[in-house]
Structure formats: structure tokens, C-alpha cells
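S.K.: Residue numbers (the numbering used here), protein chains in the order written: chain P, 1 to 270; chain S, 1001 to 1268. All residues carry an ideal CB built from backbone N, CA and C; glycine is no exception. Okay, handing you the structure first.
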Amino acid sequence: MLFFRNLSRMTYRNIKAVLVDLSGTIHIDDNEIPGSINALKKIRQSNLQIKFVTNTTKESKRLLHARLTKIGFDIKQEEIFTSLTAARKLIDEQKLSPLMLIDDRAKEEFLISDTSSDKLNSVLIGLAPDKFNYTQMNKAFRLLQNGAKLIAIHKARYYKTNDGLNLGPGPFVSALEYSSGCKAEVVGKPQTSFFISAIEDIDIDPSECVMIGDDVRDDVVGAMTAGMNGILVKTGKYRKGDEDYLLTGGNVGDSFAVAVDKILQDQSQT
Amino acid sequence: MSAWHKRKISGVLLDITGVLYDSGPGGGTAIPGSLEAVKKLKSSGLSLRFCSNETTVTRKTLIEKLNSVGFSLSEAELFTPVPAVCKILKERNLRPHLLVTNECLSDFSTVDQNNPNCVVIADAETNFSYHNLNKAFQLLKSLDNPVLFSLGKGKYYKSGNDLVLDVGAYMKALEYSCDLQAEVVGKPEKSFFNTALKDMGLSADECVMIGDDIVGDVGGAQNAGMRGVQVRTGKYRPEDENHSTVKADGVVDNLSQAVDLILAGQSS
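Dropping the structure here:
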């Protein structure tokens, strides 16, 4: 039996859009989290709009979309808003030429012609184990010392793979911050700007959105700080006690499917 | 209060890299005037010790390097973090996983490293790879009481013509990812300076530390009760003179100028 804990007696009657985290919320690697494909179908049959928001820095939107489609999800590429999308937007807006410490599989998101070293004016950092070597880190550091801007796709401390915990990009961002004395501009979750950018093209107020995710800080608290509603799911990286970090108004559902049922149930009440 | 060099000075502590010589590929070069300055200090009768966070080479190699460019240092005058951390490890029954340069490993040869229960990081240069940092992270995450020692916490230093990241950056990376605070051994820790003071048998207020690192050398010395003087050589950058938390007791162009000021100040 799966439960929805309505900690704050919330009703989702006025919700117009659902924002959904991907990894750990609807899938893990190449597997569906049970009930997620069907729950997504139910949202499609309702009047709710949908956006998928993710902090991935490992693969481009196209590769991520291909993976989700293969699992069996009915998702359109333009519905996915990633931290890479947000970084790309920032780079375009500020006309930056970054040194890119990002995974090669993510690079196609940045169809920026390679900049010659003397024109680099910023450092973009994502999860890129191959790039976090002494030479590249020093190159990034020296650019920052000369006034380049530091942009972090996100600042996750670590992530989980089949062989255990591994360092995320966050530690390398804080290393560069410490030595250069500059502060990174973080573009991914849990930044308010990330959540607001994700709904820019659907013209809905943040208060009419609900974010569903397995990371209490990055997904739920982040979205709620941006003025949205938030539901934490007990799948993926969720650990007992994570709900203690929730803000007033935040709720907990056992899974994405349970959260969707609750929202749709509230929607049907007049 | 009179100028830093006019008050009584009985002992002088010198930083090495960036003050005596600039490190770099091929062994490095003496900073102009420093050879003569050290000779003058030695013949002046003032106590002299060398305090360095240098850990990329063994103590023996460091002394050989310095002596090959014309200095004459002995092991007894040299204070570096490795002997200090080895002492702590033995006292606390800790067995380290080491993230240091390959050469530095031999200075730890007497320390038990089986079944490690703490991590020691020093400036590891090219050994600061994702893989090696990840191994240190995974070990810390696996311990009930994770302990991380960082030999110094410098932000950067000058190698050849370039500034490069120092151990402090990687200390921060591990602190951030493991949600812990490292124990720093070396400058700017008070206990590290105190070891050198004790060896000279002098009190802090009659000693001066001269270095190129505004935080590690100057701030650390001041915190230990000494005067801290900054040289405009090595990693020095003009903005160091307007540092947000540390104000040097004196700023000099180089070691040579500092020594001339000290000797003139003490004779008058």
C-alpha cells in the first residue's frame, strides 16, 4: 500500500503545471520507477501542463530524451529543461566564451565553436571526471585569477553509481572558488532562476506549479523557494529523515505515481 | 609604535618558496639578493629558522635543491609539516591514506599505512586527479569518524611563470563533499610556528616571519604573536596589500631589503 502524507493539508486544485525531476523520480538508469509511465499518461489526459527539469550534466538533451523514450516514456524533447539548457541560455545572454570542463557527451548542447585560449573569458563546469585533472583545473584557476566568470551547472557533492558514491562537480567548484576568491554562478537546481526559466514558455505563475522530485534540497525546497509547490518522493536518492528539511507546505508521496494520483484527485474536486 | 624592524628582534623565520627561491621546472632559481641576505642574517647572530609548507619533495631533496643554488641549509633548521603530521598520526594511532606526490611518500616510510583510518593530503601536483581525489573521498565517506589532515591550506603558489593551485583547493573539495572540517598541519597554524619558536628558545614578540603569502605566512605569524612581513616576490600580488583581513607589519620588495632593514634597525 502506497501513501501520500498530506503534511500541510494542501490541495492541488488550482495547479496548472507539474514539474517533474527525472533520475530517481521516474527512472533509474535504464529502468522505469514502477507506475511512472502510467502516471505520466494520466497527466497527459488531464489539462495539466508538464515540464521535466533535471540537473544532468552528463548527457545532452537529445541523448537523455533517447534514453527516456527507450524506457517507454512519452516525452517530447522540448518538454525537458536541463541545467545544461539553463547554462546555454546564460552563456548566450552574456555572450561568454567559456573554457568547458564538461563531459564530451554534454557538449553537443553547446554548439559553440571552439574559442582560442586567449579569448576565453569564463569557466563552465559540470560533472566531468576526465577534465578534473591538475592541468585543466590550473587552466581554469588562472582564467579566474584574470577575471573570468565561473559558471557551475550545479554543485552536487556526490552522486551514486552502481559502484558506489563518486565526487560530483560541487567539490571542484568549491576548490576553484576557494583559490580564486570568486563565487560561482550556479545555474541548475535549486536556483530560483532555474525553476523560473523552466516555465518561461508556458506562461503560468509559479504558485500554480508543483514540483515532484527525490532530492529534498535541490528539487523540493528549491522549487518552493521559487514560489512553487513541492512534493518529495521516497524513491531514488531519498533517505529516511529527508522530509525534515521540507519547508511548510511541502508534502511527501511514496512515489511519482502516488503524487500524481493526489494531484489529479484534487483537480477533480470543484 | 615604531616601525617593525626597529623594535627588538632576536629571531627571524623565513618562508622558502617565493622568498629564497622560485620553484619551477628544472629545480628553480634563487631570488636575486636572497643568497647574500641569508648569509648576512647568519653572521648577524640572530636566530634563524626556515618554515615552509613545501611537501612536493622530501626534506632531503628540498635541502639539496636549495644548497645547489647556493644556500647552505641543514635539516635541523628546516620546519615542514610532514614531521609534524607524522608525530600527530603516531600519537593518535591513525593510519593514513596519503594523497601526496610520489616523492613525498618516502618521508612517510615509518608510518603504518595498512587499513587506513584517516586521509592526509598535501600539495600532490599531478597526483590531484579525479581518480585519486575520489579515492580519498570514498575512504572518508566509509569512516564513522572521518579525519582529514591538510598539510597547509594555501590557495595557490607560483611555479615557473604560472600560478598553480595549492593544497587548500583540494582540502576545500574534500571538506565540501564530505561535510567535514580538515585539521590543518603547517602554516598558518599557531602550533606549527610555536614548534619553531620553541626550538629557538624565543618568545613570539621578539621574532619576525618573512613570507610571500599574506594569509599563510603573514597572517599566521601575527596570529602566533610575531610580526609578519610580506615580500613582493614569489606569489605576491599588489592586491595583497589591501587584503580584507590581514595587514602586514611591513611590506618589502624582497628578502634582501627586509634583512637590510632588520640589521639597520637593530644596530641603531
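Note down, in chain order, every chain B residue with its Cβ under 7 Å from the Cβ of Glu1125/S.
M.R.: Among the protein chains in the structure shown, which are P and S, there is no chain B.
S.K.: Buried or exposed, going by whether 16 or more other CB atoms sit within 10 Å of the CB of Lys95/P?
M.R.: exposed
S.K.: For Ile1262/S, name the three-state secondary structure that DSSP assigns.
M.R.: helix
S.K.: Would you mind working out which of Val1218/S, Asn1242/S and Thr1245/S sits nearest Trp1004/S, comparing C-alpha positions?
M.R.: Val1218/S
S.K.: Mind pulling the chain P residues with CB within less than 7 Å of Lys1172/S?
M.R.: Result: Ser174, Ala175 and Tyr178.
S.K.: Count the other C-beta atoms from every protein chain shown that fall within 10 angstroms of the C-beta of Leu247/P, then say buried if there are 16 or more, exposed otherwise.
M.R.: exposed
S.K.: Does Pro171/P have its Cβ less than 8 Å from a Cβ in chain S?
M.R.: yes
S.K.: Strictly by DSSP, which residues pair up with Lys149/P?
M.R.: Ser122/P
S.K.: Could you please give the first and the last residue of the uninterrupted beta strand (DSSP E) stretch that includes Thr161/P?
M.R.: Tyr158 to Thr161
S.K.: Are the beta-carbon atoms of Leu101/P and Gln145/P separated by less than 8 Å?
M.R.: no
S.K.: Counting only beta-carbon separations shorter than 8 Å, does Tyr159/P have a partner in chain S?
M.R.: no
S.K.: So which residues on chain S does Gln145/P lean against when the C-beta distance must stay under 8 Å?
M.R.: Tyr1156 and Leu1163
S.K.: Using a Cβ-Cβ cutoff of less than 6 Å, which residues in the same chain neighbour Lys1153/S once the five nearest sequence positions on both sides are dropped?
M.R.: Gly1168, Met1171 and Val1184
S.K.: Taking just the CA atoms, how far does Gly1033/S sit from Gly1228/S?
M.R.: 20 Å
S.K.: Mind listing the chain S neighbours of Gly164/P? Cutoff is C-beta to C-beta under 8 Å, in chain order.
M.R.: Gln1138
S.K.: Measuring straight from C-alpha to C-alpha, what distance separates Leu1014/S and Val173/P?
M.R.: 33 Å
S.K.: Grab the span of the beta strand (DSSP E) containing Tyr1157/S for me, first residue to last.
M.R.: Tyr1156 to Ser1159
S.K.: According to DSSP, is Ser1150/S helix, strand or coil?
M.R.: strand
S.K.: Can you find a C-beta in chain S that's less than 8 Å from the C-beta of Arg9/P?
M.R.: no
S.K.: For Tyr1176/S, would you say it is in contact with chain P, using Cβ-to-Cβ distances shorter than 8 Å as the test?
M.R.: yes
S.K.: For Ala257/P versus Asn38/P, is the C-beta distance shorter than 8 Å?
M.R.: yes
S.K.: With a threshold of 8 Å between beta carbons, is Leu127/P in contact with chain S?
M.R.: no
S.K.: At least one CB of chain P closer than 8 Å to the CB of Lys1187/S: is that the case?
M.R.: no
S.K.: Counting contacts by CB-CB distance shorter than 8 Å, is Leu1180/S in contact with chain P?
M.R.: Leu1180/S has a beta carbon lying at 8 Å or more from every beta carbon in chain P.
S.K.: Buried or exposed: where does Ser1052/S fall if 16 or more other Cβ atoms within 10 Å of its Cβ makes it buried?
M.R.: Under a 10 Å Cβ-count criterion, Ser1052/S is classified as buried, with 16 or more other Cβ atoms of the shown protein chains found around its own Cβ.
S.K.: Quick one: grab the DSSP three-state call for Leu48/P.
M.R.: coil
S.K.: Going by DSSP, what residue range makes up the beta strand (DSSP E) through Cys1178/S?
M.R.: Careful: Cys1178/S lies outside any beta strand (DSSP E), inside the alpha helix (DSSP H) at Val1167 to Cys1178.
S.K.: Leaving aside the five residues before and after Arg88/P along the sequence, list all residues of the same chain whose C-beta is less than 8 Å from its C-beta, in chain order.
M.R.: Glu109 and Phe110
S.K.: Compile a chain-ordered list of the residues in the segment 1102-1126 of chain S whose CB is closer than 9 Å to at least one CB of chain P.
M.R.: Against chain P - using a Cβ distance shorter than 9 Å - the residues of the segment 1102-1126 of chain S are Ala1124, Glu1125 and Thr1126.
S.K.: Give a yes or no on whether the minimum CB-CB distance between Phe1128/S and chain P is below 8 Å.
M.R.: The C-beta of Phe1128/S comes closer than 8 Å to at least one C-beta of chain P.
S.K.: Under 8 Å, do Ala223/P and Leu19/P count as touching if we go by C-beta distance?
M.R.: Contact: yes.
S.K.: Which class does Tyr134/P belong to by DSSP, given the choice of helix, strand or coil?
M.R.: helix
S.K.: Taking Cβ positions only, does Met228/P come closer than 8 Å to chain S?
M.R.: no
S.K.: In chain order, what are the residue ranges of uninterrupted alpha helix (DSSP H) at least 4 long that sit wholly in the segment 67-118 of chain P?
M.R.: 83-93
S.K.: Leaving out five residues before and five after Lys1042/S in sequence, what residues of the same chain have Cβ atoms less than 8 Å from its Cβ?
M.R.: Taken in chain order, the residues that qualify are Leu1048.
S.K.: Who are the neighbours of Lys1141/S on chain P, taking C-beta pairs under 7 Å?
M.R.: Leu165
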